[in-house]
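One structure is given below, encoded as structure tokens.
Chains as they are written, first to last, in the working numbering: chain P, 1 to 412; chain G, 1001 to 1412.
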């Protein structure tokens, strides 16, 4: 299960690539010659599956002709398996299709990558225990760090789908209402505590209309993306009581250009950590539903050197995406194809495992050191923030492509 | 401005109808003969504007051929004015078009009414001061009733667009995690404190991509619907800290079948109440942007008599929809055509003005009496809840149609 599958696309057989034949992630690309269309990454190339469907090599009811994977996802699990099988067969070393397919490969380096799907609705969770404990300790003290419901509910809130953008999109520092603890009245100005949140996003690939089980939720998840939930901590601090974060989270959420399917991640399944309190039946997992995915955050000042500022693993989550999705449906909430569920910030137990600057700099009290001698408490204008993630097999890895965004100065 | 405009559709000239020529609200209908399509209410009839556009009487780029007003809204303010002018001309008393148009009228009584538009995203606000004060007093005591940010920010949170349904849709009582103050651990079961929230919903008719002013926001609002934000108070109490309501609000939100345009409501504009604290510049209103709309809530037990349980007015709101929309864009949040903004629960100063059962029964401590001798603290299975609203001119009124839903027992 964890051995490299060899491809006739030789760059896919390197231990360096994020896109071996074992991965086959789905994206949307264009270049000087073709408009936005569905593509699949293999090594340093993109296979143009839109043209393969047009030519009859693949057959998915025309769903690969659209500039997003929404219509294909809606076809359901059988189609998901069939396409993956077709692609493995077409791209395997020794395939008779090599000659015919070579002309339908486009170098990733020459392509522009777009949103891989149109987000229906976006929900963000708060399901990393180290993160929740860190935040709670900063704001409420160590004794009251975890809210009383935290060990029972995968806490989530609705986000803003219109603000989800693909990696590479510049992020303008937001304005908002700000009021420091010593200020008499609020003022309106640019956020001075602009931050990232390192997350994974689960993509709902099948609709539901009523409560579903965790097992059903697992089957309904099409795949995953890296997700950076940009967060204005100073706006959040003033606005979030009593109804939760709103404008602090609405500037942008950046996702990776490639959707890594649940099928590709299957060899890397792992269990959620031991429960500190028993979960109610509807949240019990029938099997391992997290994944062992190593994650990093790096920060590159404008014109400066890149520093890796955090390293953690998706396996640190207390709740899996299927648990979150099942909880999301308890009230009867209809779920739709292309709903996006953010995991919540993924921090680990040590300082270097923290998935946000708020935690890394402990609310700004302990600025972190960068490679070139600079320090950071929060993001400065011009900083490029990059999330990366990979599941590691024997001699290969499965990744998502960089999930990056550069922060531009606030509007005048 | 406030005089009845006479129509050759005689039922539109009655002081009883909600749909005089002054109104011209937009909906989507079907009947045994026609599929879902755009229609305009006039008296007790619906004018089939899809067929009028097909026949060339109206010309809006085919946008009236779809089963929703989204495409038409996207055309922008000039088109909005043109259609309203066209309809006034076609339907006015003495119009030469009466003979040609009569065959394109469908009795409302024979039609099924559908969602008038496809909701892009749904945001719910908390902008009624009497409501916020009542809730705050119940949960935090009278001294701390209003959160410190309340007089500065139109507080809002993102809701769930997939759960918005049209009037007449049955509502299944939700399950959820529940934990009473004396319970050791939470349990999973049906909500026992299921409630309504009387609101108005503002529909964003034009997109924006960055901060906009209150004046621009006013121009971008296409129209309004009645909105009932069904709320499970017991689920909410346990889940909402620290990130706000989630499953408590995700069962359903019911809207009226008719969109009343901002143009139709224009003669009824009124100012927000006097500010208790000065607002920041970006929230200042250049003119009156609330509306004088009388509102009622009624409850009809299964097989019982209807009781009006609350009466209030949209003019009670502390923040207008344009203020809410402007605030919504401060962080750069992109707004889209067909975003729906709930006003927040509209309560007035007296007990009978309260827009939720939570307030009317004061958290269940003071059950209200119904016409037939029964009492209610929260909704019981089989209850039909109906919101109504009307702006009153001289001898006429402008309404939205009933916004109703019957609550069915929880799933087994």
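C-beta: ideal position from N, C-alpha, C; glycine also.
Exercise for the section: Identify, in the order they occur along the chain, each residue of the same chain with its Cβ nearer than 8 Å to the Cβ of residue 229(P), setting aside the five sequence neighbours on each side. Expected result: Apart from sequence neighbours up to five positions away, the residues of its chain that approach residue 229(P) with a beta-carbon distance below 8 Å are 124, 159, 196, 197, 199, 249, 253, 342 and 345, ordered along the chain.
Problem - Secondary structure of residue 1356(G), DSSP reduced to three states - result: Residue 1356(G): coil per DSSP, three-state reduction.
Practice task
Using 10 angstroms around the beta-carbon of residue 1372(G), count the other beta-carbons present and answer buried if the total reaches 16, otherwise exposed.
Solution key: Counting of Cβ neighbours within 10 angstroms places residue 1372(G) among the exposed residues, the total staying below 16.
Exercise for the section: Assess, as a yes-or-no matter, whether the stretch 1321-1328 of chain G is touched by the stretch 1280-1291 of chain G under the definition of 3 or more beta carbon pairs within less than 8 Å. Expected result: Three or more pairs of CB atoms, one per stretch, sit closer than 8 Å, so the stretch 1280-1291 of chain G contacts the stretch 1321-1328 of chain G.
Practice task
Output yes if chain G places a C-beta closer than 7 Å to the C-beta of residue 246(P); else output no.
Solution key: Using a CB distance cut-off of 7 Å, residue 246(P) counts as an interface residue toward chain G.
Handout entry: residue 112(P), enclosing beta strand (DSSP E) - first and last residue
Key = Element bounds for residue 112(P): 112-114.
Exercise for the section: Identify every residue that forms a DSSP beta bridge with residue 1135(G). Expected result: Residue pairing for residue 1135(G): DSSP places it in no beta bridge.
Practice task
Inspect the beta-carbon positions of residue 317(P) and residue 128(P) and report whether they are closer than 7 Å.
Solution key: Cβ atoms of residue 317(P) and residue 128(P): closer than 7 Å.
Exercise for the section: Taking a Cβ distance cut-off of 9 Å, strictly less, list which residues of the stretch 1230-1242 of chain G are near chain P, in chain order. Expected result: Listed in sequence order: 1232, 1235, 1238, 1239, 1240, 1241 and 1242.
Handout entry: Within-7 Å CB hit, residue 1409(G) to chain P
Key = So, not an interface residue.
Handout entry: Beta carbon proximity, residue 1153(G) to chain P, threshold 7 Å
Key = At least one chain P Cβ lies under 7 Å of residue 1153(G).
Problem - N- and C-terminal bounds of the alpha helix (DSSP H) containing residue 1052(G) - result: First-last of the alpha helix (DSSP H) with residue 1052(G): 1049-1054.
Handout entry: Reduced DSSP category for residue 1036(G) - H, G, I as helix; E, B as strand; rest coil
Key = Residue 1036(G) falls in the coil class under three-state DSSP.
Practice task
Would you please verify whether the beta carbon of residue 51(P) is less than 7 Å from any beta carbon of chain G?
Solution key: Interface criterion not met: the Cβ of residue 51(P) is under 7 Å from no Cβ in chain G.
Practice task
Could you work out which residue in 1046(G), 1308(G) and 1083(G) is closest to residue 1111(G) when comparing CA atoms only?
Solution key: Of 1046(G), 1308(G) and 1083(G), the residue nearest in Cα terms is 1046(G).
Problem - Bridge-paired residues (DSSP) for residue 1299(G) - result: Note: residue 1299(G) is bridge-paired with 1307(G) and 1385(G) in the DSSP secondary-structure output.
Practice task
Would you please verify whether the beta carbon of residue 128(P) is less than 7 Å from any beta carbon of chain G?
Solution key: Residue 128(P) does not count as touching chain G.
Exercise for the section: Determine, using beta carbons only, whether residue 1072(G) comes closer than 7 Å to chain P. Expected result: By this cut-off, residue 1072(G) is not an interface position.
Practice task
Could you tell me whether the Cβ of residue 1468(G) comes closer than 7 Å to any Cβ of chain P?
Solution key: Residue 1468(G) falls outside the range modelled here, since chain G spans only 1001 to 1412, and no answer is possible.
Practice task
Could you tell me whether any Cβ in chain G is nearer than 7 Å to the Cβ of residue 264(P)?
Solution key: Chain G, which has no Cβ nearer than 7 Å to the Cβ of residue 264(P), makes this no.
Problem - Candidates 1388(G), 1385(G) and 1337(G), of which the one nearest residue 1121(G) by Cα - result: It is 1337(G).
Practice task
Could you please tell me which residues of the stretch 142-172 of chain P, in chain order, have their CB closer than 7 Å to any CB of chain G?
Solution key: Of all residues in the stretch 142-172 of chain P, 147, 149, 152, 153, 155, 156, 157, 158, 159, 160, 161, 162, 163 and 172 have a Cβ within less than 7 Å of some Cβ in chain G.
Practice task
Output, in sequence order along the chain, the residues in the stretch 321-353 of chain P whose CB is closer than 9 Å to any CB in chain G.
Solution key: Of all residues in the stretch 321-353 of chain P, those with a C-beta nearer than 9 Å to a C-beta of chain G are 327, 328, 329, 330, 331, 332, 333, 334, 335, 336 and 339, reading in chain order.
Exercise for the section: Flag this pair as touching only if the stretch 229-249 of chain P and the stretch 213-220 of chain P have three or more C-beta atom pairs under 8 Å; answer yes or no. Expected result: At 8 Å Cβ cutoff, the stretches do not touch.
Problem - Three or more C-beta pairs below 8 Å linking the stretch 260-271 of chain P and the stretch 145-153 of chain P - result: Because the criterion of three Cβ pairs below 8 Å is not met, the stretch 260-271 of chain P and the stretch 145-153 of chain P do not touch.
Exercise for the section: Scan the stretch 184-199 of chain P for residues whose Cβ lies nearer than 9 Å to a Cβ of chain G and list them as they occur along the chain. Expected result: Residues 185, 186, 187, 188 and 191.
Exercise for the section: Output yes if chain P places a C-beta closer than 7 Å to the C-beta of residue 950(G); else output no. Expected result: This structure cannot settle anything about residue 950(G), because the visible part of chain G is limited to 1001 through 1412.
Practice task
Run down chain G in chain order and give the residues with a C-beta less than 7 Å from the C-beta of residue 250(P).
Solution key: In chain order: 1331 and 1333.
Exercise for the section: List in chain order: all unbroken beta strand (DSSP E) runs of 3+ residues lying wholly within the stretch 60-144 of chain P. Expected result: Counting only runs of 3+ residues, the beta strand (DSSP E) found wholly inside the stretch 60-144 of chain P occupies 105-107, 112-114 and 122-125, in chain order.
Problem - Residue closest to residue 1400(G), alpha-carbon to alpha-carbon, out of 1251(G), 1256(G), 1090(G) and 1030(G) - result: Residue nearest to residue 1400(G) within the set 1251(G), 1256(G), 1090(G) and 1030(G) is 1256(G) (criterion: CA-CA distance).
Handout entry: DSSP three-state assignment for residue 1214(G), whether helix, strand or coil
Key = The answer is helix: DSSP assigns residue 1214(G) an H, G or I state.
Exercise for the section: State buried or exposed for residue 50(P), treating a residue as buried only when at least 16 other CB atoms are found within 10 Å of its CB. Expected result: A buried status is given to residue 50(P), since no fewer than 16 other beta-carbon atoms sit within 10 Å of its beta-carbon.
Exercise for the section: Could you work out which residues of chain P lie near residue 1276(G), taking near to mean beta carbons separated by less than 7 Å? Expected result: Here the premise fails: no neighbours, minimum Cβ distance about 13 Å.
Handout entry: chain P contact for residue 1174(G) (CB, 7 Å cutoff)
Key = Closer than 7 Å: yes.
Exercise for the section: Verify whether the separation of the beta carbon atoms of residue 1273(G) and residue 1130(G) is less than 7 Å. Expected result: Cβ distance not < 7 Å, so residue 1273(G) and residue 1130(G) don't count as in contact.
Exercise for the section: Compute the Euclidean distance between the alpha carbons of residue 84(P) and residue 240(P), then round it to the nearest angstrom. Expected result: If I take the Cα positions, the gap works out to 43 Å.
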